[in-house]
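J.: Attaching a single structure in structure tokens format; questions to follow.
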Amino acid sequence: MHALSQEQIEAWFTAQGWQPQAFQREVWAAMSAGQSGLLHATTGAGKTLAAWLGALLRVGAAAPGWQVLWLTPMRALAADTARSLQAPLAALAPAWRVALRSGDTAAAERARQDKHPGDALVTTPETLSLLLTRDNAAQALRGVQVVVVDEWHELLGNKRGVQVQLALARLRSWLPKLTVWGLSATLGNLDEALRALLPPRGKGLLVQARLDKPLVIDSLIPADPGRFTWSGHLGAQMVKPLVQALEQSGTTLVFTNVRSQAEAWYRLILQERPDWAGSIALHHGSLDKSVREWVEAQLKAGTLRCVVATSSLDLGVDFLPVERVVQIGSTKGVARLLQRAGRSGHQVGRTSRITLVPTHTLELVEAVAARRAALADRVESRPPPDAPLDVLVQHLVTVALGGGFRTEPMFREVKRAYSFRKLDRAAFQWALDFVAHGGGSLGAYPQYHRVQQVKGVWHVPDRQIALRHRLQVGTIVSEASMNVKWLSGGTLGQVEEGFIARLKPGDVFVFGGRMLEYVRTQDMAAYVRKSAAKRGIVPAWSGGRMALSSDLADATLAVLAGCAQGDFFEPELQAAQPMLHAQQRLSQLPTPHTLLIERWHSGEGHHLYLYPFAGRTVHLGLGSLLAWRLAREAPNSFSISVNDHGFELFSAEPVALERLRHKALFDDENLLQDVLQSLNSGELAQRRFREIARVAGLVFSGYPGAPKSTRQLQASSSLFFEVFRKYDPANRLLGQAESEVLAQELDLPRLRAALKRMRKLRTVLVELPAPSPFSLPLMVERFREQLSTEKLADRLARVVREAQARL
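Here my numbering runs 96 ahead of the position in the sequence shown, where the first position is 1.
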């Protein structure tokens with residue numbers, strides 16, 4: 097068979113009524129020449145055809161075995177991607193066959209692939225690592241010439257991306273001429289993203305598609321946003337405008353940031369328009385796979401009016417009928433805004449439209465900031481993790497299973513992965529010792545002697561250890577979930593075990609858009625039946641709250657600075673004007689050049705509000721740090737509440753004004769030591785260690801059909817944590833847990849940057865006569881921890897009345 101030519105591709109494009117884009121031709125030429133690279137283009141621009149047809153040009157004729165590996169970050173995307181890759185083959189490469197392999201692939205299909213693998217494989221990072229555990233991994237993958245990493249921006253900044261880097265380093269040790277391409281839609285650190293795909297000092301091509309794809313970012317404006325607002329305050333008011341917008345649009349995706357919010361808004365829409373039952377749907381990662389697949393099929397067919405979804409529909413899947421995207425609340429970041437906008441008008445030349453629905457008035461200001469940042473192409477960076485040793489520990493066992501390794505060549509190979517480029521020999525040796533005999537404290541337990549050296553080659557000698565490792569390869573760690581099943585048979589999906597544990601028989605909860613009565617728990621499943629109740633508990637899933645990105649926070653401060661100068665020209669700002677004017681009358685507006693600090697004395701105690709606009713993660717660290725520093729010099733007890741814009745320090749005794757003006761309060765010289773002392777860092781590190789223990793293979797999550805409970809897993813990881821602290825304090829996984837707490841949970845680099853910035857700002861101290869519009873949301877955060885919903889409503893009504901009277 098003759099190799100494919102670019103002329104044939106051009107002719108095929110013409111036959112489809114298409115015109116190849118300049119960036120597609122650039123990728124085809126580069127891949128034909130065996131060059132690696134990164135393609136950055138908007139969603140719907142044609143990245144898939146650029147990389148896939150480039151891969152066909154690179155490889156030429158089909159041959160036995162996989163020649164192209166296509167990595168996708170989500171199993172849900174794999175089937176859709178495989179169909180997209182298959183589409184042009186009948187005309188361009190009829191001998192080629194695309195195979196699909198993920199955690200959802202049936203055992204019979206995997207066995208068939210082992211005998212007849214096909215020419216290209218669509219798979220996930222986890223399944224690729226699983227392939228690397230085979231004795232014959234090098235033989236099975238010997239024909240691979242091209243690897244495409246789809247949605248690289250989704251993997252780059254987390255441990256799954258590190259897993260990909262290590263897998264690429266392994267493949268390159270067998271296949272030095274391997275061509276690797278990443279595909280990305282929304283990313284700020286493109287040069288670093290490219291380097292992470294390449295070997296050290298390797299050269300690659302960055303291709304950026306310059307397309308004039310129209311983008312519309314608008315907002316639904318509340319009829320009465322009011323002068324005081326808090327998180328969720330406008331929710332109910334926005335249901336009617338949202339329904340009216342859906343009536344006037346074609347197929348619409350309604351995005352929320354968390355699954356509980358998706359459940360709630362699906363119910364709100366259906367309550368407003370019960371006649372839409374059957375034409376609207378719900379989609380999130382906890383629903384059963386069959387439900388999600390049905391929703392995706394109906395979306396493609398254009399039979400649904402709208403789908404309420406979370407990030408489960410952020411990526412990849414091509415839904416041409418979608419005309420409009422709606423975002424409930426803030427996207428919290430510019431990249432997420434652009435990613436979700438791109439789900440509409442998913443074709444070159446079509447307009448992408450995203451409509452923002454505020455749930456409190458400050459989100460109107462954020463909407464303006466997000467639009468300005470998006471149109472200026474100010475997109476967040478996603479830096480890769482730095483040498484996570486739990487991933488390395490897992491990878492060493494993987495490679496030992498997959499044919500084995502020698503020490504020095506393996507050390508050099510690992511250092512070719514970007515995240516481990518600075519790995520020193522001592523750290524590598526520690527990881528190797530840890531998998532060989534359990535490090536300094538587990539030597540007496542044979543199950544932690546996972547690898548053994550025979551004639552200079554490290555292998556896994558124990559079949560049980562090999563089985564357990566293969567069952568939990570990967571870096572995705574989530575709370576243990578429990579199937580939700582009908583008493584009459586059938587599965588609806590999964591909710592977290594901890595939520596079900598709090599229910600009593602007869603309790604009603606909302607799931608999958610239905611009201612369900614909890615009946616009993618049996619064999620790690622929650623059995624339910626339909627309920628006629630009008631209200632129910634909405635499950636809360638862990639990892640729910642996203643933090644405002646630095647880029648969007650800075651853009652929001654810039655908008656507020658404009659408002660302080662009278663810039664209220666955009667519709668969102670006109671709607672927010674009463675609230676912003678109330679803030680100016682009672683206090684001031686924060687700006688990029690000032691640090692606003694408000695003080696207020698109530699019957700409860702003394703309230704201090706600071707507005708660094710650094711995101712809730714940083715504010716948690718800042719609040720704890722400042723409270724500890726203030727109490728160290730003048731004994732006081734503080735409680736802290738945070739949101740994305742600022743934080744409240746609530747205390748029994750007043751804080752002296754001169755302490756707040758003193759820049760030493762914001763010093764970062766002994767930051768690490770002070771942060772660790774100001775927080776219960778041991779508890780935070782122990783919580784983080786649960787994930788590390790799972791990835792490193794210390795904790796086994798159970799066999800298929802017999803998973804361990806959350807309580808069992810937590811007890812096991814806590815036991816390891818305490819053993820290491822007592823008998824092996826130099827254990828590097830303990831250090832990693834602490835580092836991850838500081839880097840991820842508290843975002844220490846951003847905290848340090850916030851302190852540095854706060855020292856330079858002009859401090860503005862305001863004595864409040866009543867709570868300001870900016871302070872009230874922080875007060876609500878604290879109230880929510882203490883009060884029932886009804887008592888909270890009464891309390892807020894009283895506070896707002898008093899503040900209105902002051903105005």
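Idealized CB from N, CA, C, for every residue including glycine.
#1: If I'm right that residue 513 touches residue 261 with Cβ under 8 angstroms, what's the distance once you round it to whole angstroms?
#2: Less than 8 angstroms between C-beta atoms, sequence neighbours within five positions excluded: which residues of the same chain meet that for residue 688?
#3: Tell me whether the beta-carbon of residue 301 lies closer than 7 angstroms to the beta-carbon of residue 126.
#4: Specify the secondary structure class of residue 494 as computed by DSSP and reduced to three states.
#5: Note down the Cα distance separating residue 285 from residue 612, rounded to an integer number of angstroms.
#6: Using only alpha-carbon positions, find the residue among 382, 857, 229, 310 that is nearest to residue 592.
#7: Between the beta-carbon of residue 303 and the beta-carbon of residue 122, is there less than 7 angstroms?
#8: How would you call residue 177, buried or exposed, if buried means at least 16 neighbouring beta carbons within 10 angstroms?
#9: In chain order, what residues of the same chain lie with their CB nearer than 6 angstroms to the CB of residue 475, ignoring the 5 residues before and after it?
#10: What does the alpha-carbon distance come out to for the pair residue 195 and residue 648?
#11: In whole angstroms, what is the alpha-carbon distance linking residue 597 and residue 579?
#12: Helix, strand or coil, according to DSSP, for residue 489 in the structure here?
#13: Where DSSP assigns a beta bridge to residue 171, which residues make up the other side?
#14: Excluding the 5 residues preceding and the 5 following residue 629 in the sequence, name in chain order all residues of the same chain whose CB lies nearer than 7 angstroms to its CB.
#15: Out of curiosity, what's the CA-to-CA distance linking residue 349 and residue 673?
#16: Just to confirm, is the Cβ distance from residue 428 to residue 251 under 7 angstroms?
#17: What distance in whole Å lies between the Cβ atoms of residue 224 and residue 188, which are believed to be in contact at a cut-off of 8 angstroms?
#18: Would you decide whether residue 375 is buried or exposed? Buried here means 16 or more other CB atoms lie within 10 Å of its CB.
#19: How many angstroms separate the CA atom of residue 298 from the CA atom of residue 291?
#20: Just tell me which of 440, 423, 228 has its CA closest to the CA of residue 452.
#21: So is residue 97 buried or exposed if we call it buried at 16+ other beta carbons inside 10 Å?
#22: How is the alpha helix (DSSP H) around residue 302 delimited, first residue to last?
#23: How would you call residue 137, buried or exposed, if buried means at least 16 neighbouring beta carbons within 10 angstroms?
#24: Thinking C-beta only, is residue 393 closer than 7 angstroms to residue 351?
#25: According to DSSP, is residue 97 helix, strand or coil?
#26: Determine the direct distance from the alpha carbon of residue 441 to that of residue 174, and round the result to whole angstroms.
#27: Residue 770 lies in the alpha helix (DSSP H); which residues open and close that run?
#28: Which of the three DSSP states, helix, strand or coil, is assigned to residue 107?
#29: Is residue 856 helix, strand or coil by DSSP?
#30: Do residue 500 and residue 554 have their C-beta atoms within less than 7 angstroms of each other?
#31: For residue 560, which of helix, strand or coil comes out of DSSP?
#32: So residue 744 and residue 854 are in contact, right, with Cβ under 8 angstroms, and what is the actual spacing, rounded?
#33: Going by the CB atoms, is the gap between residue 747 and residue 785 shorter than 7 angstroms?
#34: Out of 456, 607, 831, 101, which has the shortest C-alpha to C-alpha gap to residue 387?
#35: Rounded to the nearest angstrom, what separates residue 490 and residue 219 at their Cα positions?
T.: Let me spell this out:
#1: That pair is a contact at about 4 angstroms.
#2: The beta carbon of residue 688 is closer than 8 angstroms to those of 650, 653, 654, 657 in its chain, skipping five residues each way along the sequence.
#3: Taking 7 angstroms as the Cβ cut-off, residue 301 and residue 126 qualify as a contacting pair.
#4: The answer is helix: DSSP assigns residue 494 an H, G or I state.
#5: When rounded, the distance between both Cα atoms is 45 angstroms.
#6: The shortest C-alpha to C-alpha distance from residue 592 to any of 382, 857, 229, 310 is the one to 382.
#7: Result yes, Cβ atoms of residue 303 and residue 122 sit closer than 7 angstroms.
#8: Buried.
#9: So the qualifying residues of the chain are 282, 284, 430, 431.
#10: Cα to Cα, residue 195 sits roughly 41 angstroms from residue 648.
#11: Pairing residue 597 with residue 579, the inter-Cα distance amounts to about 13 angstroms.
#12: Assignment of residue 489 by DSSP, reduced to helix, strand and coil, places it in the helix class.
#13: When DSSP reads this structure, residue 171 sits in no beta bridge, so it has no partner.
#14: Contacts found: 604, 611.
#15: Looking at the two C-alpha atoms, the distance is approximately 29 angstroms.
#16: Against a cut-off of 7 angstroms, the Cβ pair of residue 251 and residue 428 comes out as no contact.
#17: Incorrect: roughly 26 angstroms between the Cβ atoms, too far for contact.
#18: With fewer than 16 other Cβ atoms inside 10 Å of its own Cβ, residue 375 counts as exposed.
#19: Rounded to whole angstroms, residue 298 to residue 291 spans 8 angstroms at the Cα level.
#20: For residue 452, the closest alpha carbon among the candidates 440, 423, 228 is that of 423.
#21: Confidence is the limiting factor: at residue 97 the pLDDT is only 44, short of 50, which leaves the residue's position unreliable, though a coordinate-based value still follows. Under a 10 Å Cβ-count criterion, residue 97 is classified as exposed, with fewer than 16 other Cβ atoms of the shown protein chains found around its own Cβ.
#22: Run containing residue 302: none in the alpha helix (DSSP H); it sits in the beta strand (DSSP E), 300-304.
#23: Under this definition residue 137 is a buried residue.
#24: No, the pair does not count as a contact, with Cβ atoms beyond the cut-off.
#25: In this prediction, residue 97 scores a pLDDT of 44, lower than 50, which makes its location untrustworthy; the coordinate-derived value is nonetheless stated afterwards. In the three-state DSSP reduction, residue 97 falls in the coil class, being neither helix nor strand.
#26: Take the alpha-carbon of residue 174 and the one of residue 441: they are about 22 angstroms apart.
#27: Unbroken alpha helix (DSSP H) run through residue 770: 767-774.
#28: In the structure shown, residue 107 sits in a helix (DSSP, three-state: H, G or I).
#29: Secondary structure of residue 856 (DSSP, three-state): helix.
#30: Against a cut-off of 7 angstroms, the Cβ pair of residue 554 and residue 500 comes out as a contact.
#31: Three-state result, residue 560: helix.
#32: Not really, about 16 angstroms apart at Cβ, beyond 8 angstroms.
#33: No, the Cβ-Cβ distance between residue 785 and residue 747 is not below 7 angstroms.
#34: Looking at the Cα atoms, 607 is the closest of the given residues.
#35: Distance between residue 490 and residue 219, taken at the CA atoms: about 19 angstroms.
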